[in-house]
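Per our numbering, the sequence shown runs over residues 1 to 140. Don't be surprised by glycine CBs; every beta carbon is placed ideally from N, CA and C. Given the structure is predicted, the values throughout are model-derived calculations rather than measurements. Below is one structure, written out as structure tokens, with a few remarks after it.
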Amino acid sequence: MAARDTFIDTSVLYALIDKRDAHHAAASDTVRALLRSGRLLVTSDYVVAETINLANARGGKHVALRILDLLERSAGIRVEWIGSLRFDQTKAFFRKHADHPYSFTDCSSFIVMRELRLIEALTTDRHFHQAGFRILVGAE
């Protein structure tokens, strides 16, 4: 794992395929620049599922399939699997931070990021900043 790998969250992954998304241009430009510089983008199976469900709800199956196509053709994006150990760690984190409005998927992302020592996230979700990570696209 390179020190400068970057986590990509649902908000930016979705913005890449929806030109109407308010963050589409910033997401596309930032992702392109990172990939050109040799950075690897890391996400999780939970984020992939969340993004596909979002795309399906907003645009239908053909839009959801664009997410799968993007992930399958991009050598610059790696999907980490949560698995049973990370799931248990996510449950503990979720419980420990019950006073925060973090989603379960957010918590799983934080677990992956900490384990892989990732400090930057491509996201518009301010919860990543609250959890101590640097946001590259911009928080809502």
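Determine the burial state of H129: buried for a count of at least 16 other Cβ atoms within 10 Å of its Cβ, exposed for fewer.
-> The count along the sequence shown starts at 1 and reaches residue 129 at position 129. Looking at its Cβ environment, which holds fewer than 16 other Cβ atoms inside 10 Å, H129 is exposed.
Should the segment 6 to 19 be regarded as contacting the segment 33 to 51, the criterion being three or more beta carbon pairs within less than 8 angstroms?
-> yes
Anticipated Cβ contact below 8 angstroms, T124 with V112, distance rounded = Taking the first residue of the sequence shown as 1, we reach residue 124 at position 124. Taking the first residue of the sequence shown as 1, we reach residue 112 at position 112. The Cβ separation is near 18 angstroms, so there is no contact.
If you count every other CB in all the chains shown that lies within 10 Å of the CB of S84, and 16 or more means buried, which is it?
-> Counting from one through the sequence shown, the residue named residue 84 turns up at place 84. When all chains shown are included, S84 counts as exposed.
A121, DSSP secondary structure in three states = As a position in the sequence shown, residue 121 is number 121, starting the count at 1. Correct three-state label for A121: strand.
Note the first and the last residue of the continuous beta strand (DSSP E) segment covering R86.
-> Residue numbering aside, residue 86 sits at position 86 when the sequence shown is read from its first letter. Taken as a continuous stretch (DSSP letters only), R86 belongs to no beta strand (DSSP E), being part of the alpha helix (DSSP H) at G83 to K96.
Starting from L13 and walking both ways along the alpha helix (DSSP H), at which residues does that stretch end?
-> Here residue 13 refers to the residue found at position 13 of the sequence shown. L13 -> alpha helix (DSSP H) spans T10 to I17.
Please state if the CB of V42 and the CB of D5 are separated by a distance shorter than 7 angstroms.
-> Here residue 5 refers to the residue found at position 5 of the sequence shown. Here residue 42 refers to the residue found at position 42 of the sequence shown. Yes, these two residues count as a Cβ contact at 7 angstroms.
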